[in-house]
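Take a look at the structure set out below.
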Amino acid sequence: MKTPPTYEQWLKKERLEDFIIKSAHSTRNNKVMRKSTIECINHFSKGKNICNCCGEDNILFLTISHKNNDGWVHRKMVHGSLSDYLVKNNFKTKFEIVIECYNCNLSRERNGGKCPHG
Ligand SMILES: [Zn+2]
Ligand SMILES: [Zn+2]
1174 MKTPPTYEQW LKKERLEDFI IKSAHSTRNN KVMRKSTIEC INHFSKGKNI CNCCGEDNIL
1234 FLTISHKNND GWVHRKMVHG SLSDYLVKNN FKTKFEIVIE CYNCNLSRER NGGKCPHG
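Going by this note's numbering, the sequence shown opens with residue 1174, and the numbers climb by one from there.
Following this line, the structure appears as structure tokens:
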């Protein structure tokens, strides 16, 4: 029987690859974080798995963010999971995607497209 990784294991970056493999076989983890989301974060952060703005490195905070605030257009086009779609298309997209934490992502929207961090 496969055991899902613990929260402590999440926090260790070296376990990320391991986690991606394990979560591929686990439906439980879909509730926590989709495997495709983790793959997207890994791809669009160029393997750094940190927030593009503040450097937050807890993957649970990270989200797929649209640099030009056109994420709503993208989501309308995709129907369903954006990260599943990106993985299926080998991460090819016309949209400019950055990895940001929820803080930076939301505050950027509120601040007219620029995170108050900088
Ligand atoms: Zn951030
Ligand atoms: Zn920020």
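The beta carbon of each residue, even a glycine, is placed where N, CA and C say it ideally should be.
Out of Asn1278, Phe1264, Asn1231, Asn1225, which one is the CA nearest neighbour of Ser1209? Phe1264
Run the proximity test for His1290: is its beta-carbon closer than 7 Å to any non-hydrogen atom belonging to ligand 2? yes
What residue range does the beta strand (DSSP E) around Cys1274 cover? That run of the beta strand (DSSP E) goes 1270-1274.
Contained beta strand (DSSP E) runs [length at least 3] in the stretch 1220-1290, N- to C-terminal order: Runs of the beta strand (DSSP E) inside the stretch 1220-1290: 1235-1239, 1270-1274.
At a cut of 8 Å, does the stretch 1246-1257 reach the stretch 1273-1290 through at least three beta carbon pairs? Fewer than three pairs of CB atoms, one per stretch, sit closer than 8 Å, so the stretch 1246-1257 makes no contact with the stretch 1273-1290.
Between the beta-carbon of Asn1215 and the beta-carbon of Asn1225, is there less than 8 Å? no
Using a Cβ-Cβ cut-off of 6 Å (strictly less than) and excluding sequence neighbours within five positions of Asn1241, which residues of its own chain qualify? Glu1269
For a test of the three-state rule: what should DSSP assign to Asn1203, helix, strand or coil? The predicted position of Asn1203 is uncertain, since its pLDDT is 47 and thus under 50; no value can be drawn from it.
Given His1239 as reference, the closest of Asp1230, Phe1217, Ile1232, Asn1231 once Cα atoms are compared: Phe1217
What's the call for Leu1255, buried or exposed, on a 16-neighbour Cβ count within 10 Å? Buried: at least 16 other Cβ atoms inside 10 Å.
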